[in-house]
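Q: Protein chains in written order, with the numbering used here: chain A, 2 to 676; chain B, 3 to 102; chain C, 14 to 539. The following block contains the structure, expressed as structure tokens.
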Amino acid sequence: MVSGILDFLWLVPALPLLGVILNGAIALFSERPLLLAEAAHGGSHGDAHGGHHAAPAYRKLVAFIGPAVVGAAFVVSLLSVMALAARAPHDRLFVQVLFPWIQAGGFSAPAALQLDPLSSVMILVVTGVGFLIHVYSAGYMSHEKAFARYFVYLNLFTFAMLILVLGSNYLVMFVGWEGVGLCSYLLIGYWYEKKSASDAGKKAFIVNRIGDFGFILGMFLLFWTFGTLDYTQVFAKIPLLSANGILTTEIATAITLLFFIGATGKSAQIPLYVWLPDAMEGPTPVSALIHAATMVTAGVYMVARSNALYLLSPVSMAVVAVVGAATAIFSATIGITQNDIKRVLAYSTVSQLGYMFLACGVGAFTAGIFHLMTHAFFKALLFLGSGSVIHALSGEQDMRKMGSLKKHLPITFTTMFVATLAIAGIPGLSGFFSKDEILWKAFSSGHGHPALWAVGALAAGITAFYMFRLIFMTFFGASRMEPHVEKHVHESPFSMTVPLMLLAVLSVAGGWIGIPEVLGGHNYFEEWLAPVFAHGAAAAHGAAHHPVALEMGLMAGSVAVALCGIGLAYYLYRARTEKPKKIAEAVPGLYDAVYNKYYVDEIYDIFIVRRIVDGSVWLWRAFDAAFIDGIVNGVASLVRGSGDRLRRVQTGVVGNYAFSLLLGAVIIVGYFLAR
Amino acid sequence: MMEPSAYLLLSGILFGIGVVGVVARKNALIILMSVEIMLNGVNVAFIAVGSHLGDPTGSVFAFMVMTVAAAEAAVGLAILIAIYRLKETIDITELSVLKW
Amino acid sequence: MTGIVDTLTANLLTALIFLPLAGALLLVLLPRDDGRLLKNAAFGVTLVEFLLSLPLVFDFNGATAAMQFVVRAPWIPAYGIEYHVGVDGISLWLVMLTTFLMPIAILSTYDAVQKHVKEFMIFMLVLEVGMVGVFLAIDLFLFYIFWELVLIPMYFLIGVWGSERRIYSAIKFFLYTFAGSVLMLVAIIALYFHHYQVTGTYSTDLLRMYAIDIPVKLQFWMFAAFALAFAFKVPMFPFHTWLPDAHVDAPTSGSVILAAVLLKMGTYGFLRFAMPLFPVAAVDMMPVISGLAVVGIIYGALVAMVQKDMKKLVAYSSVSHLGFVMLGLFAFNIQGIEGGILQMVNHGVSTGALFLIVGIVYERRHTRLIEEFGGLSKIAPLFAAVFMIVTLSSIGLPGTNGFVGEFLILLGAFKSSRVLTVFAASGVILAAVYMLWMFQRVMFGKITNEENRHMTDLNGREIAYLLPLLVMIFWIGVYPQTFLRKMDASVSAAVARIETKRQAALSDRPAGEPLLVRYFDIDAGK
């Protein structure tokens, strides 16, 4: 393989950017006149699935350009990664400086890309899964009027995500970080005429901004401690700065916790997870790409990238692990009660992201990234599958109005079922290997704790339960579809089913590159990432002296928990379908609380949002307009008022003036005489 | 040489009559005449003191005042005529347009 | 031919200052009833002015902190007053911002201004004389003249061509700024006599003032006078209440210039005069000024959030943005100050564009109330795209200009004061809240108000004047080095000058001296 390909690394983000420009031009010059003409004809129906139109030629072009640029980026990524793999393990770091971006005084942050084992994994996932989702989108969104606009956003997202994972310093990462947030905002609010969609987009952006606030402060502290934001330089300086006392544990804790605030925003962890379920207002391929496979994992990537910093602070590690575990179980419980197929998947995503953080928090960064990758496969598949279901049902998302779809949507069912097995942790599938790796490390690593393992295993059982609940409610049992919907049920076109099948293959086989040695495999994945996580290796390998039997036993335990979950789901949603309702009625308070997502949104709304808005109104009306401006206008009216009194002296009668003249003269003369 | 006190007394009386005229009367013409009386009262004082001290400056000043008074009377009367043509009155209490 | 070019280069700044004045005189001669001709003429003049200012960028030597393109001639020799103009890395981009925005502002008036076009254009051109002069003047007296010159045309622009409460707003604007500048005049005169005492010669030259030492006690009062004058102009919390009124009632082009350039006169004044002349007082007052700046950031953002009038929202957002600028300047380090200068330019571009956008909506619907709108994206997609980009720039998204400025400011400020920076950074969140909320209410949703159904998308002229702003948004965002490189030397020198002068002035004083003792001889301990 020609290693010169690495010099073209810039093409990886540049190709999607080219797509943005081309599709943007098409949106502007070809699509805009059509949309305007339509708006002028008074068509107020512009909703999700409008009527069919004769597809103009530009749409075909868009449907080609959009996926093609991402596919090309995937090819370049693949070649680059192969070139990188050809190097010796310790030499697998390639930095390409594009241009100096911000320089001021001692501060310097170039626009530079960095390819190393970690970013390799990320770009392959982003461009690979991204490509499949782009192809799927071309089919799924084909009824949309603003077709070019959709692909502008989607390509822009891919560009930003690639910048995020390829940047060679924290500032470039931050560019991608906020860039994906923007695209998320735009895509969630794609159907902007729907209030709930534009609300959700705004909420996502703002909650992410709260996280970014932490991230940016962390960067400041990092820069003033290290004098640079460059990954390589920062990590290289750690020993020196620790030795001379500049980098204390407190500072490391502060930096990493600030970064983690950013990660909780982007990766939807407690307490900033609230935006992700609402983000399901966006088109389903968007949910698959952004809110499952790529963007939401950015926080995990960031923590993993900063592993050397996190390992300096036991406090931060503990916080990451606990927040991850708490989020995993917390959102899994909410997932049990949701009826919207996409919301179930959304809470499942939040929960799985919790697993990844749990892995990072116990020092098992490799396992976290491994799960990130396998999760990208099976969760993207689940979302795309749910999209296929929704597509088939003309937009219906409520699982209570589904059922018996197995026979109508065989491909969708099969692929989704594979993904469900994967996420449930059935041995042999990708999810099993990554999830089990995390649970084992949570138990055995130096940063781990049996309690973390227990929470993780319980969450795994709940996951298996709600996922099979989803499958049973959607594909099995009697049909509960509306009659007019049922008439039009159809399997999706090839552009949608082929990506499903490919992702199904990955969901099965994706885990085979990281089979733990206890099962007689070889963890190629860990080996590949070892150079990046060299610092963490020691901590994570505290596991080495645990007996094999223990590891096997825990593995069997977690599989058993998952099987229990599946069995329970079968019992409640196949065998005794009247039971769930009874259970809900038996514990109404608890059920309502879970069903309403523990009222977290309401609590935030009442105690934070309303307070701020009311306070601001008070600031404006009472403080600004009445108090400050009152003083200003008060001074003015004081002057005016005095003038008003004083002008009465001017009677206009000459006699009065003459008299006051005389009086004045008398007073002055009198004064001099009296002296 | 005679003591100037008598002249100064006369001067004061004339000035006082003028002041009272200016302040008390409402007819602008009378007021203008009263001003003239005040000026002449001052003139008397100038000349008396000048002649007492043997200094011609007093007389010079008196001439200066007379010149100014003449000019003032001319302009003042002209204004009065203009006002009378406009308002048909020269009663100062009715001419208070400069009032706020 | 080369002779002419040489003469022009030698007197480039003079030409820049007085070209608009010549243009104004030209307009006097044109017939008053041909509005189109008057507008074209004014546009032509400002465009020529912009082209004429381009050599400033190309020939500017970024390696030196010295004043460049200097023109110096005696003016009132008896009092040591000179006509002394020059440009350095601090003023360069502000001059460019002014000349860049004037043609845009004039283009925006083509439909909006229909009455007294002649006077309007003359005032605009005179305004440009004052603004360019303020940024170029090195002589304090000359600076003061230009500073006051700006007031008069702006007063009329608001008072004659404004909306409902224009008279109130115009007078408020005038009196506020004027009250401040009188204080400044007193301080200038005091400085003038102090210079005479120290050196034995009369001078109002800023560079000579830089050279003399000013006693610490005097510094306090002079800094207070200058700072108050500039704080009114910026405007800093709590002196900001004239701004929303002035903006709401000014015509669109007036708002653009007011926000983009006039406010920068205040921040520029801090950087050029108040900080380097009185470094001891400036550094000692840093907690107060930075504190007020941070209060302004958060307060402006919160109040902006609940506004019902789009223009008022943008006006309050200016209070917030200018708070960032002040925070950066008073970080007293290179990052903060360069970020501050860049943010002045950014605010000019972004907020200028926002006012233009509000103006576009106002021209079509004659209302600026947010609740009157909704769903405009559907009927004006191009407008929506432009509005979105400007919104993102205003909230400081990376890749747009706003981010680079805010990042450098916060980076610099973090070194000076961590606590204040934490609060200031929360302003970034609030900016997203108020801008996106407004965007949502105006552009998203269904069209509920029938009157909006027939709004049109951007026309050619509007595209023409918005496009340069969009280019600047991305240029500064993606390649800020173009701008930062030219200001590097001047800012480094300014930071160094402040620090050395401060050290020198404090060299004979005990370390850790309480401020009450330093400035008022009040020793709380006794």
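Glycine is no exception: its CB is placed at the ideal position from the N, C-alpha and C atoms.
The alpha helix (DSSP H) that contains G172/C, what's its start and end?
A: 153 to 174 is the span of the alpha helix (DSSP H), which, as asked, contains G172/C.
Q: Look at the alpha carbon of P523/C and the alpha carbon of D297/C, and state the distance between them as a whole number of angstroms.
A: When rounded, the distance between both Cα atoms is 15 Å.
Q: Report, in whole angstroms, the separation of the C-beta atoms of L69/C and L105/C, which I expect to be a contact under 8 Å.
A: Contact flag correct, Cβ pair sits at about 7 Å.
Q: Which of the three DSSP states, helix, strand or coil, is assigned to D615/A?
A: Three-state result, D615/A: helix.
Q: Just mark S349/A as buried or exposed, buried being the case when its beta carbon has 16 or more other beta carbons within 10 Å.
A: So S349/A ends up on the buried side.
Q: Are the Cβ atoms of Y151/A and Y186/A separated by less than 8 Å?
A: No, the Cβ-Cβ distance between Y151/A and Y186/A is not below 8 Å.
Q: Determine the extent of the alpha helix (DSSP H) in which R515/C is found, giving its start and end residues.
A: Taken as a continuous stretch (DSSP letters only), the alpha helix (DSSP H) holding R515/C covers 494 to 519.
Q: Whose C-beta lies closer than 7 Å to the C-beta of G25/A among residues of the same chain, with five residues either side of it excluded?
A: Excluding residues within five positions, the ones whose Cβ falls inside 7 Å are V153.
Q: Label A443/A either buried or exposed according to how many other C-beta atoms from any shown protein chain fall within 10 Å of its C-beta, with 16 as the threshold for buried.
A: Per the 10 Å Cβ criterion, buried.
Q: Out of curiosity, what's the CA-to-CA distance linking T295/A and E132/C?
A: Taking the straight line joining both Cα atoms gives about 59 Å.
Q: Using the Cα positions of G52/A and I392/C, report the straight-line distance between them to the nearest angstrom.
A: Confidence in G52/A is poor, its pLDDT being 45 and thus under 50, which makes the residue's placement unreliable; the coordinate value appears in the next sentence. Each residue's Cα considered, the two are about 19 Å apart.
Q: Need the endpoints of the beta strand (DSSP E) that L50/C sits in, please.
A: Segment 48 to 71 is the alpha helix (DSSP H) holding L50/C; no beta strand (DSSP E) there.
Q: Out of M134/C, I103/C, G193/C, state which residue places its alpha-carbon closest to the alpha-carbon of F7/C.
A: Residue coverage of chain C in this structure runs from 14 to 539, which leaves residue 7/C outside it and unanswerable.
Q: When we look at the beta-carbon of K436/A and count the other beta-carbons within 10 Å, is it buried (16 or more) or exposed?
A: The residue in question, K436/A, is buried, as its Cβ has 16 or more Cβ neighbours within 10 Å.
Q: Is the closest heavy atom of the ligand ADP to the C-beta of L373/A under 7 Å?
A: Ligands in the displayed structure: none, and consequently the ligand ADP is not present.
Q: With DSSP collapsed to three states, give me the class of T469/C.
A: Of the three classes helix, strand and coil, the one that applies to T469/C here is coil, per DSSP.
Q: Measuring CA to CA, which of F283/C, T212/C, F420/C, N53/C is closest to Q104/A?
A: Checking every option, the nearest Cα to that of Q104/A belongs to F420/C.
Q: Would DSSP call G56/B helix, strand or coil?
A: Reduced to three states, the DSSP call for G56/B is coil.
Q: Ends of the beta strand (DSSP E) at S109/A?
A: Looking at the DSSP string, the run of the beta strand (DSSP E) that includes S109/A is 108 to 116.
Q: From V136/A to M497/A, what does the alpha carbon distance come to, in whole angstroms?
A: Cα-Cα distance, rounded: 7 Å.
Q: Just to make sure I have the definition right: I need the residues of chain B whose C-beta is within less than 8 Å of the C-beta of V655/A. Which are they?
A: Correct list: A30, I33, I94, L97.
Q: Under three-state DSSP, which class holds E475/C?
A: It is helical.
Q: For a contact meaning CB atoms closer than 8 Å, what does F660/A contact in chain B?
A: Within 8 Å Cβ-Cβ: V25.
Q: For chain A, find out if any of its Cβ atoms is closer than 8 Å to the Cβ of V21/B; answer yes or no.
A: With 8 Å as the cut-off, V21/B counts as an interface residue toward chain A.
Q: Taking DSSP as the reference, what is the three-state secondary structure of F95/A?
A: Strand.
Q: Which one or two residues does DSSP pair with F100/A in a beta bridge?
A: Note: F100/A sits in a beta bridge opposite A112/A.
Q: Terminal residues of the continuous beta strand (DSSP E) containing V100/C?
A: Element bounds for V100/C: 94 to 100.
Q: So what does DSSP say about D536/C, is it helix, strand or coil?
A: DSSP places D536/C in coil when its eight states are reduced to three.
Q: Please confirm whether V274/C and L114/C have their CB atoms less than 8 Å apart.
A: Yes, they are a contact pair.
Q: Going by C-alpha to C-alpha distance, which of P500/A, L383/A, T464/A sits closest to V562/A?
A: When each option's Cα is compared against that of V562/A, the closest is T464/A.
Q: Please classify V441/C: does DSSP put it in a helix, a strand, or coil?
A: Three-state DSSP puts V441/C in a helix.
Q: Quick one: what's got a C-beta closer than 8 Å to A377/A's C-beta in the same chain, skipping five residues either side?
A: These residues qualify, in order along the chain: V126, V130, A293, A294, T295, T298.
Q: By Cβ distance, which residues of its chain are closer than 7 Å to A37/C, with the 5 residues on each side in sequence left out?
A: The residues are I135, L138, V139.
Q: Look up V680/A in the DSSP assignment and say whether it is helix, strand or coil.
A: Since the first residue shown for chain A is 2 and the last is 676, residue 680/A is missing from the structure and cannot be characterised.
Q: Can you tell me which of M278/C, M249/C, L326/C puts its alpha carbon nearest to the alpha carbon of V308/C?
A: The candidate whose alpha carbon is nearest that of V308/C is M249/C.
Q: With distances taken Cα to Cα, identify the nearest neighbour of V173/A among T265/A, D341/A, S109/A.
A: When only C-alpha atoms are compared, the closest one is S109/A.
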